[in-house]
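Going line by line, the protein sequences match chains A and B.
The letter at position 2 of the first sequence is residue 2 when you use the working numbering, and the numbering goes up by one with no holes.
The letter at position 106 of the second sequence is residue 106 when you use the working numbering, and the numbering goes up by one with no holes.
2 protein chains.
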Amino acid sequence: MTTLDPAIAARLKRNADGLVCAVAQARGTGEVLMVAWMNDEALALTLETEQATYFSRSRNTLWVKGETSGHTQQVREVRLDCDGDTILLVVDQQGAACHTGARTCFDEDRLR
Amino acid sequence: MTTLDPAIAARLKRNADGLVCAVAQARGTGEVLMVAWMNDEALALTLETEQATYFSRSRNTLWVKGETSGHTQQVREVRLDCDGDTILLVVDQQGAACHTGARTCFDEDRLR
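Right, dumping it as structure tokens:
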């Protein structure tokens, strides 16, 4: 198990499930690609491997983005928000970020 | 009470607290400004008034962004993600988005 730097771990404000929210943004275009969740190990792996790694709430397991699809996210920046409960990843996205094949998870359903 | 369009309400996948995640992005620059939460009424008010309105989990109440600070968010686009649990708002941000006075909530703590 990869362990998160204690200095970072101390700054996280996790939800009841031990998770923080993670927003992935495309480097260059600035597109918001997707929102997912991380536990401490997912964040540690993301920082160490520079490949975006999340925690799947439905499958209850770690998940390297693009592991099966090839649509990986090379991580360029990792930022923590002011209250410690949200991570912003700036990434180089390979192919589609969304499992539907769309470029981002926000492309298909505009409410306004 | 402002009611959310039932066609939209039917597409939302709320968490156990009845909330969806909301990411605010600056129009033009593409900056990710902040992440907050919305219940159905917050989303309905956001769509109706075009002023970003969130639900405060700590205060357990609706909250019009900038109501006291003047740092309002004029909403230009509202998008729902592929699995219905996250909203993306594209906004014109007045002043600082972060309560610390920073332009965004992600300016101060870079982990990588």
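Built from N, CA and C at the ideal position, the CB exists for glycine as well.
Since the structure is predicted, the reported quantities are computational estimates derived from the model, not experimental observations.
Per-residue DSSP class, three states only, for residue i
{"i": "T115 of chain B", "result": "Outside the shown range of chain B, which is 1 to 112, sits residue 115 of chain B, and nothing can be said about it."}
{"i": "E50 of chain B", "result": "coil"}
{"i": "E108 of chain A", "result": "coil"}
{"i": "D92 of chain A", "result": "strand"}
{"i": "A102 of chain B", "result": "coil"}
{"i": "L12 of chain A", "result": "coil"}
{"i": "L45 of chain A", "result": "helix"}
{"i": "A97 of chain B", "result": "coil"}
Residue j beta carbon less than 8 Å from that of residue i
{"i": "V113 of chain A", "j": "Q74 of chain A", "result": "Coverage of chain A is limited to positions 1 through 112, which leaves residue 113 of chain A absent and any answer about it impossible."}
{"i": "G18 of chain B", "j": "N39 of chain B", "result": "yes"}
{"i": "H71 of chain A", "j": "A102 of chain A", "result": "no"}
{"i": "Q93 of chain B", "j": "A26 of chain B", "result": "yes"}
{"i": "L62 of chain A", "j": "T68 of chain A", "result": "no"}
{"i": "L88 of chain A", "j": "R79 of chain A", "result": "yes"}
{"i": "W37 of chain B", "j": "R59 of chain B", "result": "no"}
Residue-chain proximity (residue i, chain B), Cβ-Cβ < 8 Å
{"i": "F55 of chain A", "result": "no"}
{"i": "T49 of chain A", "result": "no"}
{"i": "V20 of chain A", "result": "no"}
{"i": "G95 of chain A", "result": "no"}
{"i": "T3 of chain A", "result": "no"}
{"i": "L88 of chain A", "result": "yes"}
{"i": "E41 of chain A", "result": "no"}
{"i": "H99 of chain A", "result": "yes"}
Presumed contact (8 Å Cβ cut-off) between residue i and residue j, rounded CB distance
{"i": "C114 of chain B", "j": "C105 of chain A", "result": "Absent from the model: residue 114 of chain B. The displayed extent of chain B is 1 to 112, so no value can be given."}
{"i": "V35 of chain B", "j": "V32 of chain A", "result": "Incorrect: roughly 10 Å between the Cβ atoms, too far for contact."}
{"i": "L12 of chain A", "j": "G84 of chain A", "result": "5 Å"}
Chain A contact for residue i (CB, 8 Å cutoff)
{"i": "G66 of chain B", "result": "no"}
{"i": "L12 of chain B", "result": "no"}
{"i": "V91 of chain B", "result": "no"}
{"i": "Q25 of chain B", "result": "yes"}
{"i": "D81 of chain B", "result": "yes"}
{"i": "L111 of chain B", "result": "yes"}
{"i": "G70 of chain B", "result": "no"}
The stretch 103-111 of chain B contacting the stretch 40-60 of chain B, beta-carbon criterion three pairs below 8 Å: Touching, no, given that fewer than three Cβ pairs across the two stretches are closer than 8 Å.
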